[in-house]
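Below is one structure; the comments refer to it alone.
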Ligand SMILES: C[S@@+](CC[C@H](N)C(=O)[O-])C[C@H]1O[C@@H](n2cnc3c(N)ncnc32)[C@H](O)[C@@H]1O
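Numbering (the numbering used here), first residue to last: 4 to 301.
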């Protein structure tokens, strides 16, 4: 094996090979980024997760489930809000994300939090020691990764008490200039990474109505949407690169053959330079969609 192939091989082991089961691919990808995720000086997931929990408005004592919890961008705010008389269960496919989230919850002494490896497509029910009659389920930037989002939401519904609420965050409009930078990867992306669901910006996730309709078809009522306009600031092109390696976009880099990676990076840097401020910094806008709905009967 030459060096380039050895490197490709190592990265496939890290981010999962295209032929793998999608869950194994996602788990490997998020295992690889768990240490640096949202830790490169560009606040992204934390403000999005906080906004989702603000919209869900948890009260002290409530019981919550956060699916696809990652390092806890939504889980930690919901745990703070429900307080020690509440209970929070978090689940993620990636064992490294679960470990990071547990550690962060322990650092804040949030003893009412439990975090487990769990598949959000089919979360544990009453027979698995799951707390019944949840007051709320949150899931920030996850549902578009699921193999069958409609079926998953249908399974989440009976975990809630009647009147319990669900809140999802998904990506709405992305800054066209940021999109233009991301397009440097497109020629290299395998179909499973070009899948609209992976982007969270197409199919049922393309519009407010699409996500509301999905929730309603799963049996929820009173689906409603609000938005957060998030300004995402990079000190320079290098910080954009580090950010891209610390999030799901790392899979895009892994899809580019090692021999072409420097040229793709240079293309991205050229596109970034076109829109950089005089000091080299970059600010992009990302519109985040929050969709809330309710289990009927409350
Ligand atoms: C974009 S991250 C969001 C993480 C966290 N909610 C946040 O906002 O920072 C997506 C997360 O969903 C998890 N995930 C994807 N598919 C999943 C599934 N089927 N079951 C559980 N977790 C899943 C990934 O491992 C990853 O941690």
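Note that CB positions come from ideal geometry on N, CA and C, so glycine has one too.
Check: Using 8 Å as the threshold, is the stretch 24-35 in touch with the stretch 47-67, meaning 3 or more CB pairs across them?
Finding: No: the two stretches stay apart, fewer than three of their Cβ pairs being nearer than 8 Å.
Checklist line | residue 47 versus residue 41: straight-line alpha-carbon distance, rounded | finding: Residue numbering aside, residue 47 sits at position 44 when the chain shown is read from its first letter. Residue numbering aside, residue 41 sits at position 38 when the chain shown is read from its first letter. Distance from the CA atom of residue 47 to the CA atom of residue 41, rounded to whole angstroms, is 6 Å.
Next item on the list: Give the DSSP-derived three-state secondary structure of residue 25 in the structure shown.
Entry: As a position in the chain shown, residue 25 is number 22, starting the count at 1. In this structure, DSSP gives residue 25 a helical state, which the three-state scheme calls helix.
Check: In three-state DSSP terms, what is residue 244?
Finding: Locating residue 244 in the chain shown gives position 241, counting from the first residue. In the three-state reduction of the DSSP assignment, residue 244 falls in the helix class, which pools H, G and I.
Notebook entry, point to check: Could you give the residue range of the alpha helix (DSSP H) that holds residue 189?
Noted result: Residue numbering aside, residue 189 sits at position 186 when the chain shown is read from its first letter. Careful: residue 189 lies outside any alpha helix (DSSP H) and carries neither H nor E.
Check: Taking DSSP as the reference, what is the three-state secondary structure of residue 274?
Finding: Translated into the one-based positions of the chain shown, residue 274 becomes position 271. Per DSSP, reduced to three states, the secondary structure at residue 274 is helical.
Checklist line | Cβ pair residue 187, residue 271 closer than 7 Å | finding: What you label residue 187 is simply residue 184 of the chain shown in a count that begins at 1. What you label residue 271 is simply residue 268 of the chain shown in a count that begins at 1. Taking 7 Å as the Cβ cut-off, residue 187 and residue 271 qualify as a contacting pair.
Next item on the list: State buried or exposed for residue 207, treating a residue as buried only when at least 16 other CB atoms are found within 10 Å of its CB.
Entry: As a first step, residue 207 is located in the chain shown; it is residue number 204 there, counting from the start. Buried, since its Cβ has 16 or more Cβ neighbours within 10 Å.
Notebook entry, point to check: Roughly how many angstroms lie between the CA atoms of residue 121 and residue 164, to the nearest whole one?
Noted result: Start at 1 with the first residue of the chain shown, and residue 121 comes out as number 118. Start at 1 with the first residue of the chain shown, and residue 164 comes out as number 161. Each residue's Cα considered, the two are about 21 Å apart.
Next item on the list: Determine the burial state of residue 24: buried for a count of at least 16 other Cβ atoms within 10 Å of its Cβ, exposed for fewer.
Entry: Taking the first residue of the chain shown as position 1, residue 24 is located at position 21. With fewer than 16 other CB atoms across the displayed protein chains lying within 10 angstroms of its CB, residue 24 is exposed.
Check: Hey, residue 238 and residue 284 are a contact pair by Cβ (cut 8 Å); roughly how many whole angstroms apart?
Finding: Locating residue 238 in the chain shown gives position 235, counting from the first residue. Locating residue 284 in the chain shown gives position 281, counting from the first residue. At roughly 6 Å, the Cβ-Cβ gap stays under 8 Å, so residue 238 and residue 284 are in contact.
Item checked: Candidates 211, 192, 169: closest to residue 175 by CA position -> For the purposes of this step, residue 175 is identified with residue 172 of the chain shown, where counting begins at 1. Taking each of 211, 192, 169 in turn and checking the Cα distance to residue 175, the smallest one comes out for 211.
Next item on the list: Report buried or exposed for residue 262, applying the criterion of at least 16 other Cβ atoms within 10 angstroms of its Cβ.
Entry: Walking along the chain shown from the start, residue 262 turns up at place 259. Exposed is the call here.
Next item on the list: Give a yes or no on contact between the stretch 63-75 and the stretch 239-252, applying the rule of three or more CB pairs nearer than 8 Å.
Entry: Under the three-pair Cβ rule at 8 Å, the stretch 63-75 does not count as touching the stretch 239-252.
Item checked: Where residue 200 falls, given that 16 or more other Cβ within 10 Å makes a residue buried -> One-based indexing of the chain shown puts residue 200 at position 197. In this predicted model, residue 200 has a pLDDT of only 48, less than 50, meaning its place in the structure is not dependable enough to derive any value.
Notebook entry, point to check: Within 6 Å: the Cβ of residue 84 and any heavy atom of ligand 1?
Noted result: As a first step, residue 84 must be located in the chain shown, where it is residue number 81. False, no ligand heavy atom lies under 6 Å from that Cβ.
Note to self: For residue 311 and residue 194, I'd like the C-alpha separation in whole angstroms.
What the structure shows: Since the first residue shown for the chain is 4 and the last is 301, residue 311 is missing from the structure and cannot be characterised.
Next item on the list: Name the two residues that bound the continuous alpha helix (DSSP H) containing residue 124.
Entry: Taking the chain shown and counting its residues from 1, one reaches residue 124 at position 121. Careful: residue 124 lies outside any alpha helix (DSSP H) and carries neither H nor E.
Next item on the list: Pull up the distance between the alpha-carbon of residue 27 and that of residue 111, whole angstroms please.
Entry: Mapped onto the chain shown, residue 27 falls at position 24. Mapped onto the chain shown, residue 111 falls at position 108. Looking at the backbone, the Cα of residue 27 and that of residue 111 are separated by about 30 Å.
Notebook entry, point to check: From this set, 221, 286, 277, which residue's C-alpha is nearest residue 295's C-alpha?
Noted result: Against the chain shown, residue 295 aligns to sequence position 292. For residue 295, the closest alpha carbon among the candidates 221, 286, 277 is that of 221.
Notebook entry, point to check: Do residue 95 and ligand 1 come close, with the Cβ less than 6 Å from some heavy atom?
Noted result: In the chain shown, the residue the question calls residue 95 occupies position 92. At least one heavy atom of ligand 1 is nearer than 6 Å to the Cβ of residue 95, so yes.
Checklist line | Simplified DSSP assignment, three categories, for residue 230 | finding: Residue 230 sits at position 227 when you count from the first residue of the chain shown. Under the three-state reduction of DSSP, residue 230 is assigned to strand.
Notebook entry, point to check: Do residue 223 and residue 43 come within 7 Å of each other at the CB atom, strictly closer than that value?
Noted result: The sequence position of residue 43 within the chain shown is 40, counting from 1. The sequence position of residue 223 within the chain shown is 220, counting from 1. No, Cβ-Cβ distance for residue 43 and residue 223 is not below 7 Å.
Next item on the list: Would you mind sorting residue 297 into buried or exposed? The rule is 16 or more other CB atoms within 10 Å of its CB.
Entry: Counting from 1 along the chain shown, the entry for residue 297 is found at position 294. By the neighbour-count rule (16 or more Cβ atoms within 10 Å), residue 297 is buried.
Notebook entry, point to check: Is any heavy atom of ligand 1 found at a distance shorter than 6 Å from the C-beta of residue 144?
Noted result: Your numbering for residue 144 matches position 141 in the chain shown. It does: the Cβ of residue 144 is within 6 Å (strictly closer) of some heavy atom of ligand 1.
Notebook entry, point to check: Where does residue 225 sit, in a helix, a strand or coil, going by DSSP?
Noted result: Position 222 of the chain shown, counting from 1, holds the residue named residue 225. Strand at residue 225.
Item checked: Whole-angstrom distance between residue 180 and residue 51, CA atom to CA atom -> Taking the chain shown and counting its residues from 1, the one referred to as residue 51 is at position 48. Taking the chain shown and counting its residues from 1, the one referred to as residue 180 is at position 177. Each residue's alpha carbon lies about 21 Å from the other.
Margin query: Taking 7 Å as the threshold (C-beta atoms), are residue 140 and residue 68 in contact?
Written below: The residue you call residue 68 lines up with position 65 of the chain shown. The residue you call residue 140 lines up with position 137 of the chain shown. Yes.
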